[in-house]
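Here the structure is laid out as structure tokens; the discussion comes afterwards.
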Amino acid sequence: MIYLRLFLSFMKIGFCSFGGMTMIPVINDEVLRYGWMTASEVMDIVAVAEMTPGSLGINCATFVGLRTAGIPGAAVASLGVMMPSLTLSLAAAHFILRLKGNKLLESAMRGVRPASLGMLAAAGVTLSVSTFLADGALNPAAWSLGTVFGAVSWNLVLIAVISGVLLMKFKLSIPKTILIAAALGLLLG
Amino acid sequence: MEKKGNRLLAIFCTMFKIGLFTFGGGWSIIAQMQNEFVDKRKWMTEDQIIDYMSLAKSFPGIMIINMSVFSGYAMAGAAGAAVAAVGLSLPALLAIAVVTYFYGALRDNVYVAKVLSGVRSVVIPIILSACVRMWPTALKGKSAVVLLTVSFLVCTFTNFSKLLVIVIALAIGLLVWRGRINDDLS
Chain W
44 MIYLRLFLSF
54 MKIGFCSFGG
64 MTMIPVINDE
74 VLRYGWMTAS
84 EVMDIVAVAE
94 MTPGSLGINC
104 ATFVGLRTAG
114 IPGAAVASLG
124 VMMPSLTLSL
134 AAAHFILRLK
144 GNKLLESAMR
154 GVRPASLGML
164 AAAGVTLSVS
174 TFLADGALNP
184 AAWSLGTVFG
194 AVSWNLVLIA
204 VISGVLLMKF
214 KLSIPKTILI
224 AAALGLLLG
Chain G
7 MEKKGNRLLA
17 IFCTMFKIGL
27 FTFGGGWSII
37 AQMQNEFVDK
47 RKWMTEDQII
57 DYMSLAKSFP
67 GIMIINMSVF
77 SGYAMAGAAG
87 AAVAAVGLSL
97 PALLAIAVVT
107 YFYGALRDNV
117 YVAKVLSGVR
127 SVVIPIILSA
137 CVRMWPTALK
147 GKSAVVLLTV
157 SFLVCTFTNF
167 SKLLVIVIAL
177 AIGLLVWRGR
187 INDDLS
């Protein structure tokens, strides 16, 4: 039965991955196995996921579900990919609240907080490199200040700076800032 | 005390709005939740945002859905977790249905590409603003500075598993502070 199969496949994708691009190999395995998508369609869905809000996992589940079994298919596939959150994370959320104020937990979180701030900052750097620099600009063989300087998309840097000032200095809300950045992209991108 | 139904509805609507504007790998959800749930409604604290973010990233599945479940549960129990997750994913479902339908036309459209380049660029200051806000909450003591630096370098320059980064940091936190959290000497 197609609904059950979609649900189980996407549940497996959910449990075997940790979000974002790490999902692609797992998604590939499952959707190619059942012939739900071709390899090039998988790359297309990555592009579609870039165009739409939300995560790659949900977007992929919706796309495959819609294609194979219509709207109910999209719903069961999305529910499948959300299963780890609805089981493991829900259980963890329960325990973390019950343990609130526990000194050992608080000690552990004291270690975790700076580490995850480092992780968030690193995500910002990685994303900056992929957004602002042309592919291959950091290739060590051809590295020079000139080539790196030339590989930077300065128009996008400008958009980031303007929206950063609006966001942090003028306290503009995030949705409004995103809309302005989209308009700036149309002008300068 | 407000009615529980009102709070659930507010969580749903807010998460729907956040879902509409979550581009670029999901990290921008953090700054949006700080604004909506910490600043505006005061239903969560800055500590909770960081803690749930680390857990959400370490648990299997989709980070932003995990994040919505942790936060929804903290604000309104299991029902809160469910409405938060559904609210967050609904815009994605609707958007994907529309975009899939017009994909051929959108893929090669130069204006769509321009708008998306603007949206991709704004994600970076959004992440930066979340980092700046978390700074005072996350950095308490010298050990925290070391942990931050090491984690930043490891995550930027290697593909080391994020789950292991968090587990190791958790163990170090236990060893360094050992339950004595009132003295900020470490």
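Residue numbers (my numbering), protein chains in the order written: chain W, 44 to 232; chain G, 7 to 192.
For glycine and all other residues, C-beta sits at the position ideal for the given N, C-alpha and C.
Note that this is a predicted model, so its numbers are computed, not measured.
- Residues of the stretch 131-155 of chain W that bring their beta carbon within less than 8 Å of a beta carbon in chain G comprise Leu131, Ser132, Leu133, Ala135, Ala136, His137, Ile139, Leu140, Lys146, Leu147, Glu149, Ser150, Ala151, Met152, Arg153, Gly154, Val155, in sequence order.
- A contact is defined here as three or more CB-CB pairs under 8 Å, and the stretch 25-33 of chain G fails this definition with respect to the stretch 133-148 of chain W.
- In the same chain as threonine 105 of chain W, and ignoring 5 residues on each side of it, the C-beta atoms closer than 8 Å to its own belong to Ala117, Ala120, Ser121, in chain order.
- Separation of the CB atoms of threonine 28 of chain G and glycine 97 of chain W is rounded to 6 Å, and the pair is thereby assigned contact status at 8 Å.
- Straight-line measurement puts the Cα of glycine 108 of chain W at about 13 Å from the Cα of leucine 100 of chain G.
- Using a C-beta cut-off of 8 Å, the stretch 160-168 of chain G makes no contact with the stretch 138-153 of chain W, since fewer than three inter-stretch Cβ pairs fall below that distance.
- The beta carbon of threonine 105 of chain W falls within 8 Å of a beta carbon belonging to chain G, placing the residue at that interface.
- Chain order gives no chain G residues near proline 115 of chain W, where near means a beta carbon separation below 7 Å; the closest approach is about 12 Å.
- Within the same chain, Val172, Val191 come within 8 Å of leucine 181 of chain W by CB-CB distance, once the 5 residues on both sides are set aside.
- Listed along the chain, the chain G residues whose CB falls inside 8 Å of the CB of glycine 57 of chain W are Pro66, Gly67, Ile68.
- Residues of chain W with a Cβ closer than 7 Å to the Cβ of tryptophan 49 of chain G do not exist; the shortest Cβ-Cβ separation is about 13 Å.
- Taking C-alpha positions only, leucine 181 of chain G is separated from methionine 50 of chain G by approximately 28 Å.
- What glutamate 93 of chain W touches in chain G, judged by beta-carbon distance under 7 Å, is Leu122, going in chain order.
- Its chain contains Trp33 as the residues whose beta carbon lies nearer than 6 Å to that of isoleucine 133 of chain G, once the 5 sequence neighbours on both sides are disregarded; these appear in chain order.
- For the pair lysine 214 of chain W and leucine 145 of chain G, the Cα-to-Cα distance works out to about 24 Å.
- Within the same chain, and ignoring the five residues on either side of serine 60 of chain W in sequence, the residues whose Cβ sits closer than 6 Å to its Cβ are Met66, Val69.
- CA-CA distance, serine 150 of chain W to isoleucine 172 of chain G, rounds to 13 Å.
- DSSP, reduced to helix, strand and coil, places leucine 176 of chain W within a strand of the structure shown.
- In the pairwise beta carbon analysis, the stretch 204-221 of chain W is classified as not touching the stretch 57-72 of chain G: fewer than three pairs are separated by under 8 Å.
- Neighbours of valine 171 of chain G in chain W, taken as residues whose beta carbon is under 7 Å from its own, are Ala158, Met162 in chain order.
- Residues of chain W whose Cβ lies closer than 7 Å to the Cβ of phenylalanine 158 of chain G are, in chain order, Gly161, Ala164, Ala165.
- Not one beta carbon of chain G lies nearer than 8 Å to the beta carbon of valine 119 of chain W.
- Around phenylalanine 53 of chain W, the same chain offers Ala104, Ala120, Gly123, Val124 as residues with beta carbons nearer than 7 Å, after the five sequence neighbours per side are excluded.
- Counting the other Cβ atoms within 10 Å of the Cβ of isoleucine 114 of chain W gives fewer than 16, which makes it exposed.
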